[in-house]
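For reference, the structure discussed in these notes is given below.
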Amino acid sequence: MKRIFLLLAFAGTFAAANAQTKIGLKGGVNVADWGGKDADNVDAKIGFHVGGFANFAVGKKVSIQPELLYSTQGGKIDRPGEDTKIRFNYINIPVMVKYELVQGLNAEFGPQFGFAVSRKMKTGDVTVDVNDNYKGFDLGLGLGASYDIPSSPVGIGARYIFGLSRLDDNGDDKIFNRVFQLGITYTLHKGR
């Protein structure tokens, strides 16, 4: 894990020193649920993500885009006469490699490092803090596409985050985050 962080830090430093830089804001809708063999009864939950990004060109068509996002995730468990809402909130740090396919249209992929801020389950009027039952760190892999509107600071994107690390801290359950995101970006600054 330390090697990954060092590699990303080196790549970010190199990119910042040698390339065009964009800085902006980002936000959008999450459709989140849990995947894995022990997550059969969990349905999707609508949430949101909001934060910022920096984009560093490392070649004519390739850039690295680290982001810092607040993200609401989780799911819903529907049982007869009883619904449980799973509310897990994260600070996520995706580090996406973007490749420009044609002007403005990009394919993107990369790791996402998630740090849990709060984890709660609500059944009826009762809300329970479940921080001790679930891991505080979530590693995921993102895959998506984005379109930067020419001559505009606005862009749109879609991304799927496939959780790689198990969420449960106690027991043998195999449960993973799964999040589909639709979002909009607004570039505040374009460097050289």
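Read in order, the letters of the sequence shown correspond to residues -8 to 183 in our numbering.
Ideal placement from N, C-alpha and C gives every residue a C-beta, glycine not left out.
- Scanning its chain for C-beta atoms nearer than 7 angstroms, with the 5 sequence neighbours on each side dropped, one finds around D69 the residues D34, in chain order.
- Taking A98 as reference, the option from P85, D163, G148 and W25 with the minimal CA-CA separation is G148.
- For A35, DSSP assigns no beta-bridge partner whatsoever.
- With 16 or more other Cβ atoms inside 10 Å of its own Cβ, V86 counts as buried.
- By the 16-neighbour rule on beta-carbons within 10 angstroms, F106 is exposed.
- Considered as a whole, the stretch 12 to 66 harbours 12 to 26 and 36 to 48 as its complete beta strand (DSSP E) runs of no fewer than 3 residues, in chain order.
- In the DSSP assignment, V121 falls outside any beta strand (DSSP E) and carries neither an H nor an E.
- Just so you know, the alpha carbons of P141 and V93 end up roughly 11 angstroms apart.
- Around the C-beta of Y81, 16 or more other C-beta atoms lie within 10 Å, and the residue is accordingly described as buried.
- Across the structure, L158 and D116 are spaced so that their CA atoms are roughly 25 angstroms apart.
- Two segments are said to touch when three or more pairs of C-beta atoms, one from each, lie closer than 8 angstroms; by this definition the stretch 71 to 78 does not touch the stretch 53 to 61.
- By the neighbour-count criterion, in which a residue is buried when 16 or more other Cβ atoms sit within 10 angstroms of its Cβ, Y90 is exposed.
- Bounds of the beta strand (DSSP E) holding K111 are L96 to T114.
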